[in-house]
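Participant:
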Ligand code: SF4
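In this note's numbering, the protein residues as written are 54 to 261.
1) Following a CB-centred definition, is residue 164 positioned closer than 7 Å to any heavy atom of the ligand SF4?
2) Verify whether the separation of the beta carbon atoms of residue 143 and residue 206 is less than 8 Å.
3) According to DSSP, simplified to helix, strand and coil, what is residue 200?
4) Would residue 203 be called buried (16 or more neighbouring beta carbons within 10 Å of its own) or exposed?
5) Looking at C-beta atoms only, is the number of pairs between the region 184–204 and the region 83–95 that lie closer than 8 Å three or more?
6) Using the Cα positions of residue 156 and residue 118, report the straight-line distance between them to the nearest angstrom.
7) Checking the sheet assignment: what are the DSSP bridge partners for residue 174?
8) DSSP three-state label for residue 112, please.
9) How long is the line joining the alpha carbons of residue 78 and residue 112, rounded to whole angstroms?
10) Just to confirm the assignment, what range does the beta strand (DSSP E) spanning residue 230 have?
11) Tell me which residue opens and which closes the alpha helix (DSSP H) that residue 165 is part of.
12) Just checking, does the region 239–253 make contact with the region 224–231 on the three C-beta pairs under 8 Å criterion?
13) Nearer than 7 Å: is that true of the beta carbon of residue 152 relative to any heavy atom of the ligand SF4?
14) Check this for me: beta carbons of residue 66 and residue 233, under 8 Å apart or not?
15) How is the beta strand (DSSP E) around residue 144 delimited, first residue to last?
16) Are the CB atoms of residue 141 and residue 154 nearer to each other than 8 Å?
17) Using a Cβ-Cβ cutoff of less than 6 Å, which residues in the same chain neighbour residue 75 once the five nearest sequence positions on both sides are dropped?
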């Protein structure tokens, strides 16, 4: 089932039966980013904080394993799914192999998601842990930094276990969720998900 179809099928949450969302902690303003800050404020994600019929669970995989502040890390030689399968590695800027800690954190996030019976995850795209659509391909500080289509380590594990993930940049999908949470919300049909924007389609040379 595609994410859009799944989102359309979500029930109408109530205060008594709130929508159970798992969110990258930094998206809620928690200062768990690599430099000890939150990764900026994303109104698209912050909107959920004050909804009485949403039960938000937050988790930062990298902080769980490495604390904050910490080094920046990226996936080398593949995607998060490849890291889970032992075919790619997560390396820090200084070359330390964080693969094991990233896999451990992914399993912790999955455990939380399953225990909380999470219905939807909203995660920070591009991250080596939380990215769901786009991640760096190797070192983001390389002179010729590259992106690849794929998920980070935690997102890949959640997906493998059937958890639907959207990112803070999937504006069309978010519109559907907003309208589920607030029935008075009027969906803006002009919004696009990250994989639909010009940058994504041009960068990955996808035909329109
Ligand atoms: S690991 Fe995820 S939650 Fe933690 S700072 Fe990075 S993107 Fe945010």
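Built from N, CA and C at the ideal position, the CB exists for glycine as well.
Facilitator: In this structure, then:
1) no
2) yes
3) strand
4) buried
5) no
6) 9 Å
7) 75, 218
8) strand
9) 5 Å
10) Careful: residue 230 lies outside any beta strand (DSSP E), inside the alpha helix (DSSP H) at 224–234.
11) 152–168
12) yes
13) no
14) yes
15) 142–145
16) no
17) 110, 166, 171, 174
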